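J.:
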Amino acid sequence: MLPISEWGLVHWIAFPLCIVWFITGFVLFLNFNTVIKLRGRSYTAWRVVFYTSWAIWLILILGPKYLQLIQSWF
546 MLPISEWGLV HWIAFPLCIV WFITGFVLFL NFNTVIKLRG RSYTAWRVVF
596 YTSWAIWLIL ILGPKYLQLI QSWF
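Using the numbering used here, the letters of the sequence shown map in sequence onto residues 546 to 619.
Pasting the structure below:
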């Protein structure tokens, strides 16, 4: 089982997102109009970078607050 602490869970989630953001950012750097297909839909690379960067930000900012709320239920 993964270690659950205030920052532990946040980093278990945010770390893979950071990797995705880095790879997508590199693709964006190579070709601005690169198209990435996710679930049958096409997105430009800059759009994927934008969405993942917001997801990382939300997890890092709101993650500890909601983790405490979830832990209080148990």
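We treat Cβ as the ideally placed atom computed from N, Cα and C, and that holds for glycine. Bear in mind the structure is a predicted one, so any value in this text is a computation, not a measurement.
(1) Report yes or no: do three or more beta-carbon pairs, one from the stretch 557-569 and one from the stretch 582-602, lie closer than 8 Å?
(2) Pick helix, strand or coil for Leu614, following the three-state DSSP scheme.
(3) Can you tell me where the beta strand (DSSP E) holding Thr579 begins and where it ends?
(4) Please state if the CB of Ile558 and the CB of Ile604 are separated by a distance shorter than 8 Å.
T.: Answer, in terms of the structure:
(1) yes
(2) helix
(3) Run containing Thr579: none; DSSP gives neither H nor E here.
(4) yes
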